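In terms of my numbering, the sequence shown opens at residue 11 and continues consecutively.
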Amino acid sequence: MLIKLVTLFICFSVSFSASARGKFIVYTEAFDVFEIVDGISQWKIGTPIEYREYYENTFGLSNADKEMLKKYKAIREKYHREYPKAENSIFSESELSSDIIARTFASSMTIDQALKTLKKKKRMEVEDIKELVLVYKHFKKNISTIVKESSLLESEAKRLSKLIKKSRLTRNIKKLDKFFNLPTSKIKGGRVKLVWWPRTDKPSIAVQGGRVIFRVNPIKQAGMIDEELLMQSLVRSLIISQGKTVKENLSKVFIEGCPSIKDKKMAVDLWFEEPLVEAISKYYLPYESLKKKFNPYSVKSETPWINTFSKFLFGLTQYSVKRRSQFDMEFVSTGAKFCQNLLNL
11 MLIKLVTLFI
21 CFSVSFSASA
31 RGKFIVYTEA
41 FDVFEIVDGI
51 SQWKIGTPIE
61 YREYYENTFG
71 LSNADKEMLK
81 KYKAIREKYH
91 REYPKAENSI
101 FSESELSSDI
111 IARTFASSMT
121 IDQALKTLKK
131 KKRMEVEDIK
141 ELVLVYKHFK
151 KNISTIVKES
161 SLLESEAKRL
171 SKLIKKSRLT
181 RNIKKLDKFF
191 NLPTSKIKGG
201 RVKLVWWPRT
211 DKPSIAVQGG
221 RVIFRVNPIK
231 QAGMIDEELL
241 MQSLVRSLII
251 SQGKTVKENL
261 SKVFIEGCPS
271 IKDKKMAVDL
281 WFEEPLVEAI
291 SKYYLPYESL
301 KKKFNPYSVK
311 SETPWINTFS
321 KFLFGLTQYS
331 VKRRSQFDME
341 FVSTGAKFCQ
351 NLLNL
């Protein structure tokens with residue numbers, strides 16, 4: 011019965027070639043539709059409300075729609091595993107934990123393929139997959155009109171892929187995967203995913219299990235993502251994706267080495283995380299691409315603190331990656347000493 015349901019489930023409106031496989035920046039129908047339905051359902055706190063608002067304003071929300079969304083919510087809650095947040099951490103947490111359903115759709119080209127994978131690898135019970143199929147079939151007509159616009163994101167993915175090819179970003183990110191000691195280089199279906207987004211002022215960015223998701227409206231927001239934003243988002247995803255224990259232990263190391271930071275009236279993420287993001291995304295990665303042509307004086311920072319601290323962390327990162335050390339207690343301890351010395355000036 012399931013095979014028939016999946017076979018009858020026709021792809022929404024766009025066909026994709028297998029050439030998208032293995033690419034770093036990807037748009038796929040499967041994950042696009044998954045994100046839209048996920049957003050419309052509002053099944054979990056933190057799910058972007060913009061999808062639900064757009065759907066209600068455009069198509070309305072019938073009692074039948076609400077009933078289907080209840081079924082969807084029950085399925086998502088059943089298979090979702092929330093990662094515990096780090097306590098007393100100076101690092102950001104991921105917006106959404108990476109669960110098995112999200113990972114399957116993210117690594118699949120089409121919805122049919124995702125559904126078949128869920129069954130074949132026994133990631134969901136067959137009855138629950140049938141329910142999921144019915145939900146997607148129910149919303150297919152309206153979401154198909156959205157996906158027609160989404161197809162333009164394929165061009166956006168190609169544009170961004172050309173940008174990173176020139177800067178050798180993919181190769182350099184692999185070095186950072188090792189530096190941060192994460193299996194992020196093994197992510198399948200695209201390290202950066204593009205999905206449809208309503209016509210708001212700017213795109214929305216999320217991190218799920220080390221994967222960066224750019225929610226972009228292909229009409230209003232085309233071209234808004236540049237290489238700098240890509241690098242910042244990828245670096246931030248590596249920091250966010252550190253485990254609970256790692257975040258807790260490294261936070262203790264930093265605060266112990268730079269106790270004066272607690273007396274400063276600044277947000278916790280500005281203590282160390284944001285200067286590190288800037289050190290790697292605005293200094294280290296551009297330097298690795300440009301070498302002697304890189305001009306550090308062209309870098310503009312939001313605050314004097316980030317401007318100064320990030321330069322010290324750039325040198326530390328460059329040295330650490332070169333000798334193949336990792337983002338560990340030694341690195342953070344050295345960074346904390348820089349922090350305390352700067353505050354003592």
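Cβ atoms here follow ideal geometry from the backbone N, Cα and C, with glycine treated the same way. Since we're looking at a predicted model, the values are computed, not measured.
- Counting other Cβ atoms within 10 Å of its Cβ, residue 314 stays below 16 and is therefore classed as exposed.
- Residue pairing by DSSP places residue 215 opposite 224 in a beta bridge.
- Residue 204 carries a strand assignment under DSSP once its states are collapsed to helix, strand and coil.
- Of the other Cβ atoms in all chains shown, fewer than 16 fall within 10 Å of the Cβ of residue 212; this residue is therefore exposed.
- The C-alpha of residue 138 is placed about 16 Å away from the C-alpha of residue 53.
- Residue nearest to residue 267 within the set 35, 273, 345 and 37 is 345 (criterion: CA-CA distance).
- Residue 267: member of the alpha helix (DSSP H) spanning 254-267, first to last residue.
- Counted as a single uninterrupted DSSP element, the alpha helix (DSSP H) harbouring residue 189 occupies residues 179-189.
- When rounded, the separation of the alpha-carbon atoms in residue 39 and residue 145 is 16 Å.
- Assignment of residue 309 by DSSP, reduced to helix, strand and coil, places it in the coil class.
- Closest option to residue 226, judged by alpha-carbon separation, among 160, 143, 97 and 300: 160.
- Straight through space, the alpha carbons of residue 149 and residue 114 are spaced by roughly 20 Å.
- Annotated as proximal: residue 101 and residue 257, with beta-carbon spacing under 8 Å.
- The beta carbon of residue 47 lies closer than 8 Å to those of 82, 145, 146, 149 and 153 in the same chain, with the five residues before and after it left out.
- Between the region 238-254 and the region 183-191 there are three or more inter-stretch CB-CB distances shorter than 8 Å, so the stretches are counted as touching.
- A contact is defined here as three or more CB-CB pairs under 8 Å, and the region 91-99 fails this definition with respect to the region 164-184.
- About 5 Å separates the beta carbon of residue 50 from that of residue 61, a gap short enough to meet the 8 Å contact definition.
- Assigned with DSSP and collapsed to three states, residue 35 falls in strand.
- A distance of 8 Å or more separates the beta carbons of residue 235 and residue 186.
- Taking C-alpha positions only, residue 294 is separated from residue 248 by approximately 15 Å.
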